[in-house]
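Beneath this line is the structure, given in structure tokens, with notes to follow.
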Amino acid sequence: MVRGRRADPDRRVSALEIVGGGFAGLVRAVDESRRGGRVEYVEPGLRAGGAMVSETFLSPFRFNLGPSLVARPPLPSLHVLEPQLLLDVAGTTLSRAALRSGGGSALRAAFGVLLGIDPAAPDAEARTAAACAEIDDLVLVAGGNGLAVACLIDELVGAGSTVVEGVGSADTAPHRGTGLGTCRLFIGSRGPAPERKALATAVGFSDDASLRSALDALRAGAATDPVGFLVSNAHLDANSVDETLWSAVFQGVLPFGATVSRDDYVDRVLSAFGIDPAAVIFRLLWLPEDTGEALQ
Amino acid sequence: MKEFDVVVLGAGLSGGLPAAAYLQKAGARVALVEQGVDAGRFYLSYDLLPGARFDHSPVNFSGLSPAVGDLDLMAHGYALRIPEVTLAALDPGGASAVFYRDPARTHAQFARHSQADADQLAALFGRLGPRASRLLQCAIYTPHPNQAAYDEAVDLSAEILEMPRAALLRMTGVELLEGLFESDEVRRFMTALPALNLFGDLLEPGQGALTWLWSLALRAAVAPGANQSLVKALERVFVAHGGTLVRNTVVQEILVEAGHCVGAVVSPFGSSKTTTLWANAAVLSNLGAAQTATALGPHGWPQLTEWRSDNRVLTVQDLVLQRPLKLPADVAEAPRVYLVWESWDECVEWLRRSRTDDLDTYFGDIELTQFHHLYPGRSDRIALRVRYGTGPFADGDWDGRRADFNARMRARLEQLDPDVTSVVEYEHVCTPLDFWRSNPAATHGNPIGGDFVGGQWIGDRLPYRSPVDRLYLSNGVWPPALSWLAAGYNAATVVAEDLGIRDQPWWRHEPASWFAGAAPTPTAA
Chain E
1 MVRGRRADPD
11 RRVSALEIVG
21 GGFAGLVRAV
31 DESRRGGRVE
41 YVEPGLRAGG
51 AMVSETFLSP
61 FRFNLGPSLV
71 ARPPLPSLHV
81 LEPQLLLDVA
91 GTTLSRAALR
101 SGGGSALRAA
111 FGVLLGIDPA
121 APDAEARTAA
131 ACAEIDDLVL
141 VAGGNGLAVA
151 CLIDELVGAG
161 STVVEGVGSA
171 DTAPHRGTGL
181 GTCRLFIGSR
191 GPAPERKALA
201 TAVGFSDDAS
211 LRSALDALRA
221 GAATDPVGFL
231 VSNAHLDANS
241 VDETLWSAVF
251 QGVLPFGATV
261 SRDDYVDRVL
271 SAFGIDPAAV
281 IFRLLWLPED
291 TGEALQ
Chain X
297 MKEFDVVVLG
307 AGLSGGLPAA
317 AYLQKAGARV
327 ALVEQGVDAG
337 RFYLSYDLLP
347 GARFDHSPVN
357 FSGLSPAVGD
367 LDLMAHGYAL
377 RIPEVTLAAL
387 DPGGASAVFY
397 RDPARTHAQF
407 ARHSQADADQ
417 LAALFGRLGP
427 RASRLLQCAI
437 YTPHPNQAAY
447 DEAVDLSAEI
457 LEMPRAALLR
467 MTGVELLEGL
477 FESDEVRRFM
487 TALPALNLFG
497 DLLEPGQGAL
507 TWLWSLALRA
517 AVAPGANQSL
527 VKALERVFVA
537 HGGTLVRNTV
547 VQEILVEAGH
557 CVGAVVSPFG
567 SSKTTTLWAN
577 AAVLSNLGAA
587 QTATALGPHG
597 WPQLTEWRSD
607 NRVLTVQDLV
617 LQRPLKLPAD
627 VAEAPRVYLV
637 WESWDECVEW
647 LRRSRTDDLD
657 TYFGDIELTQ
667 FHHLYPGRSD
677 RIALRVRYGT
687 GPFADGDWDG
697 RRADFNARMR
707 ARLEQLDPDV
717 TSVVEYEHVC
727 TPLDFWRSNP
737 AATHGNPIGG
747 DFVGGQWIGD
757 RLPYRSPVDR
767 LYLSNGVWPP
777 ALSWLAAGYN
787 AATVVAEDLG
797 IRDQPWWRHE
807 PASWFAGAAP
817 TPTAA
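In the order they appear, the protein sequences are chains E and X. With our numbering applied, the first sequence corresponds to residues 1 to 296, in that order. With our numbering applied, the second sequence corresponds to residues 297 to 821, in that order.
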């Protein structure tokens, strides 16, 4: 929310007050600052940046709370990674090059789901095509999405603006969506990591047709089997104390309001990827009501 | 730019971050190197699940620090406030005492156990209040070793306790408590915080009595919550004054040339690409003894390379409950609750065993933090932290005993609330090994920079000015790394003195001045 300019008694110049607005709100603040304006950026949530948050919780691991693949952040100096092999679905892979060339991949719907696009949506194909056209701008932030936010805030503060985070209540109502949403399971473990060829390894389907079928079953409430991707967190892993640690984020699909046992769902995800539950140090499942991300 | 006046290695809350903010504000060009995305990671907040907010470290003694005023932290978003109820102690039989912001209510709580002890405690606070600032200045906010400041701290402590200096220097914490309080309950309630060995060993003559008294000053000044805003305010001060915060970057080597420390070699987290940050005047290491020694290589010295940090550490349990834990009504209102021993004899025995490798000591001094009193969230998601111990790092096989500890922890909570298992939505245990994995500077899971049982009292800690010219330390020093920002304050002091930039008009606030101005506290009783 942009609230307009207000007097700044210290500097005798007006300041643009921006309240929240997620990552876009922060970028808006930086744009204003780069044009020479002064900004008072106020974030009601715990951290600025919306879904662009990296979190460790009380664990030795870093996770992105939102998606891993993000549009290239507006900081040229920020180191980003561009994984070439994006998807592995039952041994069939989808590369960045294939998406860039627009070649008719059988896995485009799966790639769309990874980006939060429901293949059953009327404009799903068009939106997936648009994402494929912009594939060069979809990157991983080395160090985590939160690094982009932190560097933008540093730029703002260094230029004389103010940024205050966490001013609101922790009282967050559950997201009451309908249809399908994104769940995220944050996994931190030791020992051998599951073998992964691509950034995201699928479970619960083997091609576009079985993906659509699995999503329909979820939508109808007929199943709560894990459907989604184990997304590599390797670009956030490196532990100088214990080199056997690794982490991943399972990005899955569940209906909003699904009646699932968290423990049971987590166990099924671990089992699907052959991860030894006894080796897992940290596990935390956010359901669609927690992520607030609807498949659209 | 790769050339600075000062390069600070490690942006921890207690040492590196405040030191960098002070030095940058004083006019030095400072680079602050941090391995994580955020500075002060051990002091940030996190939403484990939406609506259930936790702090990494649920203590806040920063109201004691001159930095609140010197660095104008409130103007940069710091939201510290004193709650009406600060903490409580509860024993297995249900006996309890609650500390309130209002000294009269605290007095009434203790009078339930002993009128004489309640009067004694109020009198102690009464004598501590007017001396608190100077005591803190001498004992804490002075770069030790400093014999004159230590002597004055002892003299002030003797005045507060109304005993001869010589007697104080012969006394253990246990002897002091037995002399001060007649009630078994009050002795136990007043041991829970110092039992953490935040300063020193309660069973050590001299050290033990001083440790207890100085912990009392902390207890009087606790103002939990607002932790993350402290980190962010310090970051903002540093950056707003032109500091360079080098995030997501790992220190590979501390450079020493011709006997002088001249900079550090760093690389982005997860990368082998290196960069050298040159320091014209000083390098300040907040990396902890072990990492500093590794980065220095052959330039380390015996006290640094042989430093111990493996004796008194913590295990922690985070729970998200569907309702608050069932506790006695007045205790339930406290953000922090200490679960104390059943008797004074058991308490003393626990202190004795805590010098050993006995893992059972984890279950003898337990602290609950009820975050829903600090960060009201969803009524069906109650954030509860349980801290177990201190205890030993032992053999380090913490992954092997995680399940056993988890079961014992749950059983301990069921003693308080038999139905608690049915309302657990989420549970996670963080072991000492996990703490160490989380922060390589927290060697063996020790986040405060060293051992006390092993004999690291005030004169035996690492020096702020190291034997290597232009290399300074802010970890493993005296005092230990707590949220009072003292290690960073003192480190900034010595570096600023050596650079000739210490004399600043804004760098003049007294310790505890924020508390003195904020509201009446128990110290003003």
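Cβ coordinates follow ideal geometry from the N, Cα and C atoms, glycine included. Only a predicted model underlies this, so the values are computations on that prediction, with no experimental measurement involved.
Determine, using beta carbons only, whether C183/E comes closer than 8 Å to chain X.
Position 183 of the first sequence holds residue 183/E. So no, C183/E is outside the interface.
Between the region 55-66 of chain E and chain C, which residues of the former have CB atoms less than 8 Å from a CB of the latter, in chain order?
Looking for chain C here will not work: the only protein chains present are E and X.
Which of helix, strand or coil does DSSP assign to S809/X?
Numbered from 1 along the second sequence, position 513 holds the residue referred to as residue 809/X. The answer is helix: DSSP assigns S809/X an H, G or I state.
Please confirm whether L305/X and N582/X have their CB atoms less than 8 Å apart.
Translated into the one-based positions of the second sequence, residue 305/X becomes position 9. Translated into the one-based positions of the second sequence, residue 582/X becomes position 286. Yes, they are a contact pair.
Identify the contact partners of S240/E in chain X, using a Cβ-Cβ distance below 7 Å as the criterion.
Translated into the one-based positions of the first sequence, residue 240/E becomes position 240. Near S240/E (Cβ distances below 7 Å), the residues of chain X are P736.
Below 8 Å between beta carbons: does that hold for A124/E and G112/E?
For the purposes of this step, residue 124/E is identified with residue 124 of the first sequence, where counting begins at 1. For the purposes of this step, residue 112/E is identified with residue 112 of the first sequence, where counting begins at 1. In contact: A124/E and G112/E (Cβ atoms closer than 8 Å).
By DSSP, does W508/X sit in helix, in strand, or in coil?
Start at 1 with the first residue of the second sequence, and residue 508/X comes out as number 212. W508/X falls in the helix class under three-state DSSP.
Between A142/E and chain X, is the shortest Cβ-Cβ distance under 8 Å, so that the two count as touching?
The count along the first sequence starts at 1 and reaches residue 142/E at position 142. At least one chain X Cβ lies under 8 Å of A142/E.
On the DSSP bridge assignment, give the partners of E299/X in chain order.
One-based indexing of the second sequence puts residue 299/X at position 3. According to DSSP, which records beta bridges pairwise, E299/X is partnered with W574/X.
Looking at the structure shown, is S169/E part of a helix, part of a strand, or coil, going by DSSP?
On the first sequence, residue 169/E is found 169 positions in, with the first residue counted as 1. Three-state DSSP puts S169/E in coil, outside helix and strand.
Confirm, please, whether the CB-CB distance from T657/X to G687/X is below 8 Å.
Counting from one through the second sequence, the residue named residue 687/X turns up at place 391. Counting from one through the second sequence, the residue named residue 657/X turns up at place 361. Going by C-beta atoms, G687/X is nearer than 8 Å to T657/X.
Could you tell me if P631/X is buried or exposed, where buried requires 16 or more neighbouring beta carbons within 10 angstroms of its beta carbon?
The residue you call residue 631/X lines up with position 335 of the second sequence. Buried: at least 16 other Cβ atoms inside 10 Å.
Flag this pair as yes or no: are the beta carbons of I662/X and R697/X separated by less than 8 Å?
Against the second sequence, residue 662/X aligns to sequence position 366. Against the second sequence, residue 697/X aligns to sequence position 401. No, Cβ-Cβ distance for I662/X and R697/X is not below 8 Å.
Could you compute how far the alpha carbon of A782/X sits from the alpha carbon of P520/X?
On the second sequence, position 486 is the one that residue 782/X refers to. On the second sequence, position 224 is the one that residue 520/X refers to. Rounded to the nearest angstrom, the two C-alpha atoms are 18 Å apart.
By a C-beta neighbour count over all protein chains shown, 10 Å radius and 16 as the cutoff for buried, is A516/X buried or exposed?
Here residue 516/X is taken as the residue at index 220 of the second sequence, counted from 1. A516/X is buried by the Cβ-count criterion.
With W646/X as the anchor, note down where its alpha helix (DSSP H) starts and where it stops.
Looking up residue 646/X in the second sequence gives position 350. 640-649 is the extent of the alpha helix (DSSP H) around W646/X.
Let me see if you follow: with CB-CB separation under 8 Å, is L16/E close to chain X or not?
The residue labelled residue 16/E in the question sits at position 16 within the first sequence. For L16/E, no CB of chain X lies under 8 Å from its own CB, so it is not counted at the interface with that chain.
Looking at chain E, which residues of the region 665-687 of chain X have a Cβ within less than 7 Å of any of its Cβ atoms?
Y671, P672, G673, R674
Please classify T717/X as buried or exposed, where buried requires at least 16 neighbouring CB atoms within 10 angstroms.
Sequence index remark: in the second sequence, residue 717/X carries index 421 (1-based). That one is exposed.
Which residues bound the beta strand (DSSP E) around S189/E?
On the first sequence, residue 189/E is found 189 positions in, with the first residue counted as 1. Residues 180-189.
So that I know if they touch, is there some Cβ in chain E lying closer than 8 Å to that of Q618/X?
Position 322 of the second sequence, counted from the first residue, corresponds to residue 618/X. It does not; no Cβ of chain E falls within 8 Å.
Measure how close the beta-carbons of Y760/X and A787/X come, nearest whole angstrom, since I'm counting them as under 8 Å.
Against the second sequence, residue 760/X aligns to sequence position 464. Against the second sequence, residue 787/X aligns to sequence position 491. Right, the Cβ-Cβ distance comes to about 5 Å (below 8 Å), so this counts as a contact.
Using a Cβ-Cβ cutoff of less than 7 Å, which residues in the same chain neighbour D413/X once the five nearest sequence positions on both sides are dropped?
As a first step, residue 413/X is located in the second sequence; it is residue number 117 there, counting from the start. The beta carbon of D413/X sits closer than 7 Å to those of F406, F477, E478, S479, V482, all from its chain and outside the five residues before and after it, given in chain order.
Identify each residue in the region 558-571 of chain X for which the Cβ-Cβ distance to at least one residue of chain E is less than 8 Å, and report them in chain order.
P564, F565, G566, S567
When DSSP labels each residue in this structure, what does F282/E get in the three-state scheme?
Counted from its first residue, the first sequence places residue 282/E at position 282. Residue state, collapsed to three classes: strand.
Confirm, please, whether the CB-CB distance from A120/E to A202/E is below 8 Å.
Position 202 of the first sequence holds residue 202/E. Position 120 of the first sequence holds residue 120/E. It is not a contact, given that the beta carbons lie outside the stated cut-off.
Along the alpha helix (DSSP H) that carries F111/E, what are the first and last residues, could you check?
Taking the first residue of the first sequence as position 1, residue 111/E is located at position 111. 108-114 is the extent of the alpha helix (DSSP H) around F111/E.
Take the Cβ of Q320/X as the centre, count every other Cβ of all protein chains shown within 10 Å, and call the residue buried at 16 or more, exposed below.
Taking the second sequence and counting its residues from 1, one reaches residue 320/X at position 24. When all chains shown are included, Q320/X counts as buried.
Helix, strand or coil: which one does DSSP assign to F23/E?
Here residue 23/E corresponds to residue number 23 of the first sequence, with the count starting at 1. In this structure, F23/E counts as helix in the three-state DSSP scheme.
For a minimum of 3 consecutive residues, which ranges assigned as the beta strand (DSSP E) are wholly contained in the region 538-584 of chain X?
540-542, 545-553, 556-564, 571-581
Within a Cβ cutoff of 8 Å, which residues of the same chain sit near D216/E, ignoring the five residues on either side of it in sequence?
Taking the first sequence and counting its residues from 1, one reaches residue 216/E at position 216. Answer for D216/E: A120, listed in chain order.
So E406/X is in the beta strand (DSSP E); what residue range does that whole segment cover?
Stepping through the second sequence from its first residue, residue 406/X is reached at position 110. Contrary to the premise, residue 406/X reads as Phe rather than Glu in this sequence. Counting along the chain, F406/X falls outside any beta strand (DSSP E), though it belongs to the alpha helix (DSSP H) covering 399-407.
Cβ of I301/E within 8 Å of Cβ of S59/E?
Limits of chain E in this structure are 1 at one end and 296 at the other, which puts residue 301/E out of reach.
Could you check whether the region 207-227 of chain E touches the region 155-170 of chain E, counting it as contact only if at least three pairs of C-beta atoms, one from each stretch, sit closer than 8 Å?
no
Where in the region 698-736 of chain X do unbroken runs of the alpha helix (DSSP H), each at least 4 residues long, occur, reported from the N-terminal end onward?
Assignment of alpha helix (DSSP H) within the region 698-736 of chain X, counting only whole runs of 4 or more residues, yields 698-712, 728-734 in chain order.
Could you give the DSSP three-state label for F269/X: helix, strand or coil?
Since the first residue of chain X shown is 297 and the last is 821, residue 269/X is not available in this structure.
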